[in-house]
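Inspection log for the structure reproduced underneath, given as structure tokens.
In the working numbering, the protein residues as written are 1254 to 1372.
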């Protein structure tokens, strides 16, 4: 991963949390430079993401990324969006140049912990 250059045009892919939608990011990204490209998909209202399959996100990112050739790719994920980002980082670490995770938990690894939260 390369250091972030503030003068470089960026491709920013932002995923919201479980109950969120793309508009959650609007206030945050309204001050982004005009030469940066920001995309904020709503993964529960967009049919390609409805099963929350990791390959769907990878395909969408690659398709959108082709439109942003030459730009630094930055992933920003909040809560569940960050959790998906962690999976992306694990599956394809070079998909983005930088990953930013906000209020993200990596998940529970012990079955007993998972079962205790089901009730």
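By construction, the Cβ of each residue, glycine as well, lies at the ideal position given by its N, Cα and C atoms.
Buried or exposed: where does residue i fall if 16 or more other Cβ atoms within 10 Å of its Cβ makes it buried?
i	result
residue 1335	buried
residue 1330	buried
Could you tell me the alpha carbon to alpha carbon distance between residue i and residue j, rounded to whole angstroms?
i	j	result
residue 1284	residue 1293	15 Å
residue 1263	residue 1312	19 Å
residue 1365	residue 1357	21 Å
residue 1254	residue 1268	Bear in mind that a pLDDT of 46 at residue 1254, under 50, signals an unreliable position, so the number given afterwards is only what the model happens to contain. For residue 1254 and residue 1268, the distance between alpha carbons rounds to 20 Å.
residue 1274	residue 1310	15 Å
What does residue i pair with, by DSSP beta-bridge criteria?
i	result
residue 1263	1325
residue 1310	Residue 1310 pairs with nothing; no bridge assigned.
residue 1330	1268, 1354
Taking the alpha carbon of residue i as the reference point, which residue from the options has its own alpha carbon closest?
i	options	result
residue 1314	1272, 1348, 1325	1348
residue 1351	1325, 1345, 1308	1325
residue 1345	1328, 1332, 1333, 1271	1328
residue 1287	1332, 1317, 1337, 1265	1265
residue 1290	1322, 1337, 1332	1322
> Do the stretch 1273 to 1284 and the stretch 1335 to 1355 meet, that is, are 3 or more Cβ pairs less than 8 Å apart?
Replying inline: no
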